[in-house]
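Asks: In terms of the UniProt record's numbering, the sequence shown is numbered consecutively and its last residue is 376. Built from N, CA and C at the ideal position, the CB exists for glycine as well. Note that the structure is a prediction, hence the values are computed from the model and not measured. Sharing a structure here in structure tokens format.
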Amino acid sequence: MAVRRLAPKEFQPDSFAFTAENAIWAGQQIAKYPEGRQASAVIALLWKAQEQAGGWLPEPAIRTVADLLKMPYIRVLEVATFYTMFNLEPVGRHFVQLCGTTPCMLRGAEQLKDVLKRRVGDERHVSADGKFSWMEVECLGACCNAPMVQINNDYYEDLTPESLEKLLDDLAAGKPVRPGPQNGRRASEPEGAITTLSDPSLFDGSQIGAWRQRFEAEAAEKARAEAEAAAAAPEAAKTPEPAKPKETRAEEKAADRPEVRVAEGKAPIAPAAKADAAEGVADEHKPVLLAKARGDGPDDLKLIYGVGPKLATMLNELGVYHFDQIAAWNEMNLAWVDQHLGAFRGRAVRDKWIEQARKLATGWRPASDVGEKPEE
């Protein structure tokens with residue numbers, strides 16, 4: 001990036017102050033930011049100052065912005081000299097920025113440069129009548145319409161030396177000019193014949209009519225089906241429902257009574273060992289948990305197949321640190337822990353943690369650091 005310097009003193013005004021209208025606008029920009037962050041408005045205020053000064057940024061304007069934002073002058077000078085959107089020396093009423101990057105150069109930017117040199121003068125030179133100045137800039141992002149220029153805030157594209165001459169003549173005479181492509185092209189559509197979206201029915205409304213007919217046909221079919229369903233409803237209501245069977249208590253078999261089974265030497269029928277998942281496992285089945293790991297620290301619970309880092313951390317937080325803890329559990333202990341595993345619920349039972357832990361507690365280790373999947 002080239003060095004950018006402020007204009008010489010002979011070009012600098014003695015002072016700068018925002019107009020009343022612009023001062024109100026500046027206050028509104030500053031108010032957008034919280035206390036202590038008002039410096040964030042610096043670019044917006046510098047841009048408004050440049051606009052008020054006639055397209056360039058005098059040094060007094062930079063200092064005025066710094067004072068408004070309570071910033072050191074050097075900080076605002078750094079911003080103004082870094083961004084090329086800020087012109088540090090006077091420009092013409094119509095400031096022409098000529099794109100000279102590769103696409104525009106290949107499409108004739110050098111010929112446009114010759115026109116500007118002949119009509120206006122050297123780069124960064126203001127014409128005698130004060131109407132024009134120009135400079136070559138980096139890509140302006142309209143490569144598909146190369147070559148092009150930006151004049152003040154507008155793009156003028158698809159230029160030739162002749163169309164640029166006419167554009168400058170019209171601007172000098174104060175005539176209205178049309179931004180955008182100058183060769184009759186619309187936006188960035190292909191030069192010559194249009195090769196896509198060329199079917200007239202896309203634009204004459206006929207396709208919309210076809211769509212409407214389809215939608216109306218679908219709506220009519222839906223209304224007909226609803227009407228038929230509504231008409232069938234009274235007939236369905238007349239059809240009697242089948243009689244419900246009478247509710248009776250199931251007869252208890254004498255042989256299933258606990259006292260009979262005990263008398264015959266049979267064990268009473270016990271409730272299911274595992275609690276209903278909807279009801280949860282009572283805290284009476286909570287296994288022995290530890291406040292911290294024993295001895296040399298916790299075992300690597302990730303060696304249990306299905307236990308990753310997150311689940312191992314969750315087990316430690318519950319108070320489970322060692323393989324022998326898990327190996328000593330019964331099925332109800334396992335079910336109690338399982339219901340406290342959040343999104344991992346069900347994994348402890350599915351992956352047979354007790355069986356795995358008993359092997360690991362003996363000192364055996366799996367070949368893989370993610371454990372050994374238990375047999376189904």
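Reducing DSSP to helix, strand and coil, say where Cys139 ends up.
Replies: Note: Cys139 maps to coil in three-state DSSP.
Asks: Of the residues Gly55, Leu202 and Val177, which one's Cα is nearest the Cα of Met85?
Replies: With distances taken between Cα atoms, Met85 lies closest to Gly55.
Asks: How about Phe16 and Ala53: do their beta carbons lie closer than 8 Å?
Replies: In contact: Phe16 and Ala53 (Cβ atoms closer than 8 Å).
Asks: So what's Pro340 in DSSP terms, helix, strand or just coil?
Replies: Looking at the sequence itself, residue 340 is His, so the reference to Pro does not match. Coil at His340, not helix or strand.
Asks: Quick one: using the 10 Å Cβ neighbour count with 16 as the cut-off for buried, is Asp129 buried or exposed?
Replies: So Asp129 counts as exposed.
Asks: For the stretch 288-351, which segments carrying the alpha helix (DSSP H) assignment without a break, of at least 4 residues, lie completely within its bounds, in sequence order?
Replies: Runs found: 309-318, 323-327, 331-338 and 347-350.
Asks: Quick one: what's got a C-beta closer than 7 Å to Glu165's C-beta in the same chain, skipping five residues either side?
Replies: Same-chain partners within the cutoff: Val115.
Asks: Is the distance from the Cβ of Gly308 to the Cβ of Lys302 below 8 Å?
Replies: Cβ atoms of Gly308 and Lys302: closer than 8 Å.
Asks: Measure the alpha-carbon distance for Tyr33 versus Thr102 and round it to whole angstroms.
Replies: Spanning the two alpha carbons is a distance of roughly 40 Å.
Asks: What are the uninterrupted segments assigned as beta strand (DSSP E) that are 3 or more residues long and contained completely in the stretch 96-176, given in chain order?
Replies: Counting only runs of 3 or more, we get 132-137, 149-151 and 154-157.
Asks: Per DSSP, which residues does Gly180 bridge with? Please list them.
Replies: Answer is Tyr156.
Asks: Determine the extent of the alpha helix (DSSP H) in which Pro34 is found, giving its start and end residues.
Replies: Pro34 -> no alpha helix (DSSP H), and no H or E assigned at all.
Asks: Tell me which residues share the same chain as Asp276 and place their Cβ nearer than 7 Å to its Cβ, disregarding the 5 neighbours each side in the sequence.
Replies: Unreliable positioning characterises Asp276 in this predicted model, as indicated by a pLDDT of 45, which lies under 50. The coordinate reading is nonetheless provided below. Around Asp276: no qualifying Cβ.
Asks: Could you say if the stretch 41-49 and the stretch 68-79 meet the contact criterion of at least three C-beta pairs nearer than 8 Å?
Replies: These segments touch.
Asks: Which residue comes first and which comes last in the alpha helix (DSSP H) that contains Tyr83?
Replies: No alpha helix (DSSP H) holds Tyr83; DSSP gives it neither H nor E.
Asks: DSSP puts His94 in a beta bridge; with which residues?
Replies: According to DSSP, which records beta bridges pairwise, His94 is partnered with Phe132.
Asks: Buried or exposed: which applies to Leu106, given that a residue is buried once 16 or more other Cβ atoms fall within 10 Å of its Cβ?
Replies: So Leu106 ends up on the exposed side.
Asks: Please work out which residues of its chain come closer than 8 Å, Cβ to Cβ, to Lys131, disregarding the five sequence neighbours upstream and downstream, and give them in chain order.
Replies: Cβ neighbours of Lys131 beyond the five flanking positions: Gly92, Arg93, His94, Leu171 and Ala172.
Asks: Express the C-alpha separation of Val137 and Asp122 in angstroms, rounding to a whole number.
Replies: Those two C-alpha atoms are separated by around 14 Å.
Asks: Taking Leu159 and Trp134 to be in contact with their CB atoms under 8 Å, please state how far apart those CB atoms are, rounded to whole angstroms.
Replies: 13 Å between Cβ atoms; not a contact.
Asks: Comparing C-alpha positions only, which one of Thr19, Glu375, Leu69 and Gln29 sits nearest to Glu51?
Replies: With distances taken between Cα atoms, Glu51 lies closest to Thr19.
Asks: If you measure between the beta carbons of Gly180 and Tyr155, is that distance less than 8 Å?
Replies: The answer is yes: Cβ separation under 8 Å.
Asks: Among Lys113, Asn145, Arg224 and Pro298, whose alpha-carbon lies nearest the alpha-carbon of Cys187?
Replies: Looking at the sequence shown, residue 187 is not Cys but Ala. Closest by alpha carbon: Asn145.
Asks: Quick check on the DSSP output: the alpha helix (DSSP H) that includes Ala354 runs from which residue to which?
Replies: The sequence given here places Ile at residue 354; Ala does not occur at that position. Counting along the chain, the alpha helix (DSSP H) containing Ile354 begins and ends at Trp353 to Ala361.
Asks: Identify whether Asp199 lies in helix, strand or coil by the three-state DSSP scheme.
Replies: Note: Asp199 maps to coil in three-state DSSP.
Asks: Just the C-alpha distance for Val370 and Ala223, rounded to the nearest angstrom, thanks.
Replies: Cα to Cα, Val370 sits roughly 60 Å from Ala223.
Asks: Of all the options Asn330, Leu6 and Ala282, which has the alpha carbon lying nearest to the alpha carbon of Asp83?
Replies: Correcting the residue identity first, residue 83 is Tyr in this sequence and not Asp. Residue Leu6 is the option with its Cα nearest to Tyr83.
Asks: Could you spell out where the alpha helix (DSSP H) holding Ala44 opens and where it closes?
Replies: Taken as a continuous stretch (DSSP letters only), the alpha helix (DSSP H) holding Ala44 covers Val42 to Gln52.
Asks: Which residues in the same chain have their Cβ closer than 7 Å to the Cβ of Gly209, if we skip the five residues on either side of it in sequence?
Replies: Within the same chain, Gly209 has no close Cβ partners at all.
Asks: Give me the Cβ distance between Ala327 and Arg358, rounded to the nearest whole Å; I'm assuming they're in contact under 8 Å.
Replies: That pair is a contact at about 4 Å.
Asks: Classify Pro147 as buried or exposed, calling it buried when 16 or more other Cβ atoms lie within 10 Å of its own Cβ.
Replies: So Pro147 ends up on the buried side.
Asks: Let's test the definition: count the other Cβ atoms within 10 Å of the Cβ of Glu189 and tell me whether it reaches 16, buried, or not, exposed.
Replies: Under this definition Glu189 is an exposed residue.
Asks: Would you decide whether Phe323 is buried or exposed? Buried here means 16 or more other CB atoms lie within 10 Å of its CB.
Replies: By the neighbour-count rule (16 or more Cβ atoms within 10 Å), Phe323 is buried.
Asks: Go ahead and pull the three-state DSSP assignment for Gly27.
Replies: Gly27: helix per DSSP, three-state reduction.
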